[in-house]
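Participant: Here's a structure for you.
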Amino acid sequence: MVAELQSIPDVEVVTYLHPDWSSLVDDINRQPAGTHILIIGYSLGANNAILVANNTNYIDSIIALQPSIFTPNTSLTGKVGRIVEIYNPNPWMTFGGMGSQRLVGPNIEYIMNNDSHLGAPFNSEFRNLVKSEIVRLSAEPAPNTVQAKMPMALSGHAGQ
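Each step along the sequence shown adds one to the number in our numbering, with nothing skipped, and position 57 is 1029.
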C-alpha cells in the first residue's frame, strides 16, 4: 500500500514501526504550518496513533486499523479532525484480540469488520477509505492558515 500511496502527487509517505511513535511526533512537529497530516496505524501502530495525536498540536485525520488489546488503551486528549477505527469485535479472529481494541475518545467513527488480523491491511474497504481520506484532505484548505494549497505529509504508522 505504501508504494500505491507514494504514487499520488503531492503526498509524502513515511513509515514508522510502532515503538518509534515519538519519532513520528517529532517529525510532525517539524512540518510547516498548514501541512495536512493523516496517520494510518495498524495493530499496535493504531493504538500508538492516539499517543501521537496527544503529543502534537493537530492531526487532520487518523485511520486506525485493528488496534490491539495488548497495550494500554490511552484516551484521546489531542486535537484530531477525524478518526475512523476499523476493528473486529471477535478476538478469536484476531489472534486473541490483536485487532479487537476500541479506541477511546470523542467523535471516533467505528467500523466493524470480520477480517483476520493479518488479512485486515488487504481489505479493499480499508484501502479505499485511506485513498478517499487523502482525496478529502487534499481538497480542504490547509489547517490553521489562509493558504488554499499546501503539500500534504502522510505518516503511515505500521505496527505489529
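Using N, Cα and C, we set each Cβ at its ideal position, and we do this for glycine too.
Roughly how many angstroms lie between the CA atoms of R979 and G1091, to the nearest whole one?
Facilitator: In the sequence shown, counting from the first residue as 1, residue 979 sits at position 7. In the sequence shown, counting from the first residue as 1, residue 1091 sits at position 119. Per the sequence presented here, residue 979 reads as Ser, with Arg not at that position. Taking the straight line joining both Cα atoms gives about 23 Å.
Participant: Would you identify the three-state DSSP class for M1122, choosing helix, strand or coil?
Facilitator: Along the sequence shown, read from residue 1 onward, the residue named residue 1122 stands at position 150. Here the model assigns M1122 a pLDDT of 41, short of 50, so the residue's position is not dependable and the matter cannot be decided.
Participant: Below 8 Å, can you find three or more Cβ-Cβ pairs linking the region 1030 to 1038 to the region 1000 to 1010?
Facilitator: Contact between the region 1030 to 1038 and the region 1000 to 1010 is present, because at least three Cβ pairs lie under 8 Å.
Participant: State buried or exposed for I1083, treating a residue as buried only when at least 16 other CB atoms are found within 10 Å of its CB.
Facilitator: Looking up residue 1083 in the sequence shown gives position 111. With fewer than 16 other Cβ atoms within 10 Å, it is exposed.
Participant: Should A1025 be labelled buried (16 or more other beta-carbon atoms within 10 Å of its own) or exposed?
Facilitator: Numbered from its first residue, the sequence shown carries residue 1025 at position 53. The residue in question, A1025, is buried, as its Cβ has 16 or more Cβ neighbours within 10 Å.
Participant: Whole angstroms are fine: how far does the CA of Y988 sit from the CA of G1017?
Facilitator: In the sequence shown, counting from the first residue as 1, residue 1017 sits at position 45. In the sequence shown, counting from the first residue as 1, residue 988 sits at position 16. Their backbone Cα atoms lie some 8 Å apart in a straight line.
Participant: According to DSSP, what are the bridge partners of R1054?
Facilitator: Reading the sequence shown from its first residue, position 82 is the one you call residue 1054. Paired residue(s): S1033.
Participant: Who are the near neighbours of I1080 in its chain, counting only those whose CB is closer than 7 Å to its CB and skipping five residues on each side?
Facilitator: For the purposes of this step, residue 1080 is taken as the residue at position 108 of the sequence shown. Cβ within range, chain order: I1055 and E1057.
Participant: Taking a contact to mean a Cβ-Cβ separation below 8 Å, would you say N1085 touches N1060 in this structure?
Facilitator: Locating residue 1085 in the sequence shown gives position 113, counting from the first residue. Locating residue 1060 in the sequence shown gives position 88, counting from the first residue. Yes; because the gap between Cβ atoms is below 8 Å, this pair is in contact.
Participant: Looking at the structure shown, is S1088 part of a helix, part of a strand, or coil, going by DSSP?
Facilitator: Within the sequence shown, the letter at position 116 stands for residue 1088. Three-state result, S1088: coil.
Participant: Can you list, in chain order, the residues of its chain whose CB lies under 6 Å from that of P1063, leaving out five sequence neighbours each side?
Facilitator: Against the sequence shown, residue 1063 aligns to sequence position 91. The answer, listed in chain order, is G1069 and S1072.
Participant: Run the CB neighbour count on F1094, radius 10 Å, all protein chains shown included, and call it buried at 16 or more, exposed below.
Facilitator: Looking up residue 1094 in the sequence shown gives position 122. When all chains shown are included, F1094 counts as exposed.
Participant: Considering only C-alpha positions, which residue in the set T1049, S1015, S1047 and P981 is nearest to A1111?
Facilitator: Position 139 of the sequence shown, counted from the first residue, corresponds to residue 1111. The candidate whose alpha carbon is nearest that of A1111 is P981.
Participant: So V1024 is in the alpha helix (DSSP H); what residue range does that whole segment cover?
Facilitator: Taking the sequence shown and counting its residues from 1, the one referred to as residue 1024 is at position 52. It spans L1016 to N1026 - the alpha helix (DSSP H) in which V1024 sits, taken as one unbroken run.
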